[in-house]
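Q:
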Amino acid sequence: MTDATVSDQLADWIAGFELASVPQTSVQACADTILDTVCLTIAALETDYGKSVRTAFADPGTATVWGTAEGRAPEAAAAINGTCGHGEDYDNTFEGCPVHSGVVIIPALLAAAERHGLSAEDTARGIIVGIEVMCRLGLVADKAVHKAGFHPTAVLGTMSAAAGIAAALRMDRTGIRNALGVAGSMASGIIEYLADGTSTKRLHAGWAAQSGMRAAALGRAGFTGPATVFEGSHGFFYAFSTPRATEFAPLVDDLGSRWESSRLAFKPFACGTMTQPYVDCAIDLARRGIQPEQVRSITCEVGEGTVHRLWEPQSLKQRPPTPYAAKFSGQYCLAAGWVWGDAGLAQFTETSVRDPRALALAAKVSFVVDPANEYPSNYTGHIRAELMDGSVVESRSPCLRGGARAPLTRDEILTKARANLAFAGRDPAAATKIAAWADSLMAGRGVVDVTGLRLC
1 MTDATVSDQL
11 ADWIAGFELA
21 SVPQTSVQAC
31 ADTILDTVCL
41 TIAALETDYG
51 KSVRTAFADP
61 GTATVWGTAE
71 GRAPEAAAAI
81 NGTCGHGEDY
91 DNTFEGCPVH
101 SGVVIIPALL
111 AAAERHGLSA
121 EDTARGIIVG
131 IEVMCRLGLV
141 ADKAVHKAGF
151 HPTAVLGTMS
161 AAAGIAAALR
171 MDRTGIRNAL
181 GVAGSMASGI
191 IEYLADGTST
201 KRLHAGWAAQ
211 SGMRAAALGR
221 AGFTGPATVF
231 EGSHGFFYAF
241 STPRATEFAP
251 LVDDLGSRWE
261 SSRLAFKPFA
271 CGTMTQPYVD
281 CAIDLARRGI
291 QPEQVRSITC
301 EVGEGTVHRL
311 WEPQSLKQRP
321 PTPYAAKFSG
331 QYCLAAGWVW
341 GDAGLAQFTE
351 TSVRDPRALA
361 LAAKVSFVVD
371 PANEYPSNYT
381 GHIRAELMDG
391 SVVESRSPCL
401 RGGARAPLTR
411 DEILTKARAN
421 LAFAGRDPAA
431 ATKIAAWADS
441 LMAGRGVVDV
451 TGLRLC
């Protein structure tokens, strides 16, 4: 047993952390995260929300808004890059709790690198620490943060960005502990966007990135925060999760020897994480030659923890009001996979989400809760379809494609990155250059020069 608080234990690890201790699997996962995040951000710059956030966060400065020649104050750049990177819900995630670490940590650390003239080694240290802490916090949170009505990426991301910036700046233990303590009061993000498909979830990643930067700056300047921010009787998990005893072993045990950052998941589809295996099931049935018009009804077995976000209310999910709402509809995502054989950016446009064939199929989808479902430790998919002739077909997906059990290769991530750049009218070949830049950064070579990301 130890009398040290949770933030004390994290601060001790962060203060002594060195990049040389990190396994190549985690380094590569973080390099792939840079590639994935930057290309997704560029793909969203000219969307309605991309234009809005660039207008709203207009604070002048020299930090880079990726894919543009625009300069912003570092916090503003982090907020824009994070919001755009998360905007299509196509960014990386994590099994155990669906936190989107890349779109919080990469914007925060690259903005900090520009502000402070950081070396690649220190920037890479911060990226690894931020992503590792965010994944571990997700394991502590499990399903409780969602159940309480908050978005894990928003609230856990603020804490993790503060940790990552503190690592990159090589802050001392007291500064790190204070930064974490301050970050607890800066975390925010509710999931009421589910009611009407509006854009607040998109903002959560960018807001967490800039909030973590500010928390780290305050801790570095001597501003104090509670040492019991995580476990206190009025602390972080008391505020943002259901009232219960919280086990912090997943966060603090085996730091430096167990690397959750090596298990990042990269999405093959541009929609909610837990819907992805159902899309694969739908594509499987379509490839068997079964047409949507042949289907009388569909029943999906689902995890209880996914119901309130992805499957109910059924009338809303079967006919989502916006393209963004469609990304969090198991019914629509399944239908998209069946009708088009994909659920990429093209399947979540105003035209696509009004497609008569897709909506007709979505209207046939219902669900049952499977008490044995492994969510959130594993994301599975299942479709049982009764056809018009009375026959029944089924498909099951045992895991998230792109996750730890079936990871995407670098080539597959590059293919996705090229497609996202092309969707935005950019040169797909730039993805290869971004990948090489990311590899060099994570190898700790030289000083970080973000200017090459301006006009990709």
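Residue 26 in the UniProt record's numbering sits at position 26 of the sequence shown, with consecutive numbering throughout.
In this text, a Cβ means the ideal position worked out from N, Cα and C, and glycines have one as well.
Predicted model, so just to flag it, every value in this text is computed and none were measured.
1. Tell me, please, whether the stretch 177-185 touches the stretch 223-234 by the rule of three or more beta-carbon pairs shorter than 8 angstroms.
2. Quick check: the stretch 241-260 against the stretch 289-304, are there 3 or more CB pairs under 8 angstroms?
3. By the 10 Å Cβ neighbour count, where 16 or more other Cβ atoms means buried, how is A438 classified, buried or exposed?
4. Within the stretch 14-70, note down every full alpha helix (DSSP H) run reaching 4 residues or more, in order along the chain.
5. Cα-Cα, which of A141, S377, G341 and L316 is closest to Y193?
6. Report yes if the CB atom of Y90 is closer than 9 angstroms to the CB atom of K201, and no otherwise.
7. Assuming the contact rule is C-beta atoms closer than 8 angstroms, Y278 and G341 should be a hit. Round their C-beta distance to whole Å, please.
8. Using a Cβ-Cβ cut-off of 6 angstroms (strictly less than) and excluding sequence neighbours within five positions of G206, which residues of its own chain qualify?
9. Who are S160's beta bridge partners in DSSP?
10. So, is D411 buried or exposed, given that buried needs 16 or more other C-beta atoms within 10 angstroms?
11. Contact defined as beta carbons within less than 8 angstroms: I believe V365 pairs with V307. What is the distance between those atoms, to the nearest angstrom?
12. Measure the CB-CB distance between G61 and P74 and report whether it falls below 9 angstroms.
13. Answer yes or no: do A208 and T273 have a C-beta to C-beta separation smaller than 9 angstroms?
14. To which residues of the same chain is E374 closer than 8 angstroms at the C-beta, ignoring the five residues directly before and after it?
15. For the alpha helix (DSSP H) containing residue 513, name the first residue and the last one.
16. Give me the Cβ distance between C39 and A346, rounded to the nearest whole Å; I'm assuming they're in contact under 8 angstroms.
17. In three-state DSSP terms, what is A187?
18. Roughly how many angstroms lie between the CA atoms of T5 and I298, to the nearest whole one?
A: In short, the structure shows the following:
1. They touch, by the three-pair rule.
2. no
3. By the neighbour-count rule (16 or more Cβ atoms within 10 Å), A438 is buried.
4. 24-44 and 48-56
5. L316
6. no
7. Going by Cβ atoms, the distance from Y278 to G341 rounds to 14 angstroms, so no, they are not a contact pair.
8. A79, G82 and T83
9. According to DSSP, S160 bridges with nothing at all.
10. The residue is exposed, with fewer than 16 neighbouring Cβ atoms inside 10 Å.
11. Their Cβ separation, rounded to whole angstroms, is 13 angstroms, which puts V365 and V307 out of contact at 8 angstroms.
12. yes
13. no
14. Shown here for E374: same chain residues with a beta carbon closer than 8 angstroms to its own, the five before and five after excluded, namely G303 and T380 in chain order.
15. Limits of the chain in this structure are 1 at one end and 456 at the other, which puts residue 513 out of reach.
16. That pair is no contact at about 16 angstroms.
17. coil
18. 50 angstroms
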